[in-house]
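Peer 1: The letter at position 76 of the sequence shown is residue 98 when you use my numbering, and the numbering goes up by one with no holes. The structure is given below, and queries will be raised subsequently.
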Amino acid sequence: MKLYFVLLMKSHFQSYPCPLQINSFWNLGFLLGITIILQIITGIFLGLHYTSDLNSAYSSLFFFIREIYYGWCLRLLHSSGASFVFLFLFLHLGRAISYASYFYNANTW
Numbered sequence: 023m024k025l026y027f028v029l030l031m032k033s034h035f036q037s038y039p040c041p042l043q044i045n046s047f048w049n050l051g052f053l054l055g056i057t058i059i060l061q062i063i064t065g066i067f068l069g070l071h072y073t074s075d076l077n078s079a080y081s082s083l084f085f086f087i088r089e090i091y092y093g094w095c096l097r098l099l100h101s102s103g104a105s106f107v108f109l110f111l112f113l114h115l116g117r118a119i120s121y122a123s124y125f126y127n128a129n130t131w
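Okay, here's the thing in structure tokens:
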């Protein structure tokens with residue numbers, strides 16, 4: 023069973039073409055996807071503890087930062103993750119425009 027899985031993965035990875043001039047800019051789409059997934063997960067956890075009432079919104083945020091283990095880290099990941107989403111988005115679009123990826127595949131745009 024394990025050998026079958028290894029052979030399946032090996033044939034799966036070898037079946038897709040790879041450009042000859044590949045560099046680190048080709049990872050930007052993957053990094054963008056990971057940061058969006060991270061934003062969704064941290065947003066769900068932050069939304070579970072947030073109260074939108076005017077009088078208790080600050081106290082719920084204070085409770086989340088002070089009393090929940092690694093709540094400050096989750097809030098930091100969510101706030102800095104928004105900046106990383108835009109950074110990777112603009113870098114990804116810049117790579118696509120500079121390499122003229124839209125020219126070779128008409129279905130892209």
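All C-beta atoms in this analysis are idealised placements derived from N, C-alpha and C, irrespective of residue type, glycine included.
Quick one: give me the first and last residue of the alpha helix (DSSP H) that residue 104 is part of.
Peer 2: Position 82 of the sequence shown, counted from the start, is the residue given in the question as residue 104. Taken as a continuous stretch (DSSP letters only), the alpha helix (DSSP H) holding residue 104 covers 93-120.
Peer 1: Using the Cα positions of residue 56 and residue 77, report the straight-line distance between them to the nearest angstrom.
Peer 2: Stepping through the sequence shown from its first residue, residue 56 is reached at position 34. Stepping through the sequence shown from its first residue, residue 77 is reached at position 55. Approximately 35 Å, taken between the alpha carbons.
Peer 1: Pick out whichever of 106, 68, 113 has its Cα sitting closest to the Cα of residue 94.
Peer 2: One-based indexing of the sequence shown puts residue 94 at position 72. Closest by alpha carbon: 68.
Peer 1: Between which residues of its own chain and residue 50 is the CB-CB distance below 7 Å, once the five residues before and five after are set aside?
Peer 2: Looking up residue 50 in the sequence shown gives position 28. Closer than 7 Å at the Cβ level, and outside the excluded window around residue 50, lie 110, 113, 114, 117.
Peer 1: Looking at residue 99: is its Cβ nearer than 8 Å to the Cβ of residue 53?
Peer 2: Taking the sequence shown and counting its residues from 1, the one referred to as residue 99 is at position 77. Taking the sequence shown and counting its residues from 1, the one referred to as residue 53 is at position 31. No, the Cβ-Cβ distance between residue 99 and residue 53 is not below 8 Å.
Peer 1: Can you check whether the CB of residue 87 is closer than 8 Å to the CB of residue 71?
Peer 2: As a working note, residue 71 is residue 49 in the sequence shown. As a working note, residue 87 is residue 65 in the sequence shown. Taking 8 Å as the Cβ cut-off, residue 71 and residue 87 do not qualify as a contacting pair.
Peer 1: In whole angstroms, what separates the C-alpha of residue 34 from that of residue 25?
Peer 2: What you label residue 34 is simply residue 12 of the sequence shown in a count that begins at 1. What you label residue 25 is simply residue 3 of the sequence shown in a count that begins at 1. Distance between the alpha carbons of residue 34 and residue 25: 14 Å.
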